[in-house]
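Residue 54 in the numbering used here sits at position 70 of the sequence shown, and the numbers go up by one each step.
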Amino acid sequence: MIAYDLQCNNGHAFEGWFEDRKAYLDQKKKGLITCPICNVTSVDIVPSTFAIKSAPPSASKDFAAEKAVLEKIGQEAIDFVEKNFDNVGCEFAKEALKIHYGAAEPRNIRGVSTKEEEKTLTDEGIQFIKIPIPARPDTDS
Ligand SMILES: [Zn+2]
């Protein structure tokens, strides 16, 4: 499941859960996604930023290369991340710290973090990548 931050063309923000991106596109195409506040079907994903963290230590040597690739390919990176990274949502910083200290299984995670959390991660020497998610046209399925 993927949670998207959605916004209607009247500016109402809400969250939608979908099986995957294709399910979102299908439902949007059929006009099945409506704003819970004003009921319009003109709804789009809000551009947002999330952070990801590679599983250490074996992956860390490739981190710089991985980061460069992810930042370069943009959209493909986001699709890749959605498929291959464990979404921990707001728990991102907490989970990254746990992995860093061996308290959680090393794995690729993604999620959202606050500026303060990012500073903590940086202070702890934890590498992460921030990817801005662009608003995308719906014809890319
Ligand atoms: Zn609305």
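Idealized CB from N, CA, C, for every residue including glycine.
Taking GLY73 and GLY109 to be in contact with their CB atoms under 8 Å, please state how far apart those CB atoms are, rounded to whole angstroms.
For the purposes of this step, residue 73 is identified with residue 89 of the sequence shown, where counting begins at 1. For the purposes of this step, residue 109 is identified with residue 125 of the sequence shown, where counting begins at 1. About 23 Å separates the two Cβ atoms, so there is no contact after all.
Can you round the beta-carbon distance between LEU105 and ALA77 to whole angstroms, since I take them to be within the 8 Å contact cut?
Position 121 of the sequence shown holds residue 105. Position 93 of the sequence shown holds residue 77. At roughly 6 Å, the Cβ-Cβ gap stays under 8 Å, so LEU105 and ALA77 are in contact.
Please classify GLN111: does DSSP put it in a helix, a strand, or coil?
Position 127 of the sequence shown, counted from the start, is the residue given in the question as residue 111. Coil, per DSSP.
Residue of ASP4, LYS12, GLU3 minimising C-alpha distance to GLN(-9):
Start at 1 with the first residue of the sequence shown, and residue -9 comes out as number 7. With distances taken between Cα atoms, GLN(-9) lies closest to LYS12.
With DSSP as the reference, label ASN(-6) as helix, strand or coil.
Here residue -6 is taken as the residue at index 10 of the sequence shown, counted from 1. Coil, per DSSP.
Among LYS99, ILE29, GLY0, VAL24, the one whose alpha carbon lies nearest that of ALA(-13)
For this step, residue -13 is matched to residue 3 along the sequence shown. It is GLY0.
Going by the beta-carbon positions, is the gap between ILE93 and PHE69 smaller than 8 Å?
In the sequence shown, residue 93 corresponds to position 109, counting from 1. In the sequence shown, residue 69 corresponds to position 85, counting from 1. Yes, Cβ-Cβ distance for ILE93 and PHE69 is below 8 Å.
Could you check if ILE29 belongs to the surroundings of ligand 1, using beta carbon to heavy atom distance under 7 Å?
On the sequence shown, position 45 is the one that residue 29 refers to. Not so, every heavy atom of ligand 1 lies at least 7 Å from the Cβ.
Would you say HIS(-4) touches ligand 1, meaning its beta carbon is less than 7 Å from a heavy atom?
Translated into positions along the sequence shown, residue -4 becomes position 12. A heavy atom of ligand 1 is found nearer than 7 Å to the CB of HIS(-4).
Would ALA80 be called buried (16 or more neighbouring beta carbons within 10 Å of its own) or exposed?
Stepping through the sequence shown from its first residue, residue 80 is reached at position 96. When all chains shown are included, ALA80 counts as buried.
Between the CA atoms of LYS14 and GLU3 - distance to the nearest angstrom
Reading the sequence shown from its first residue, position 19 is the one you call residue 3. Reading the sequence shown from its first residue, position 30 is the one you call residue 14. Going from the Cα of GLU3 to the Cα of LYS14 covers about 16 Å.
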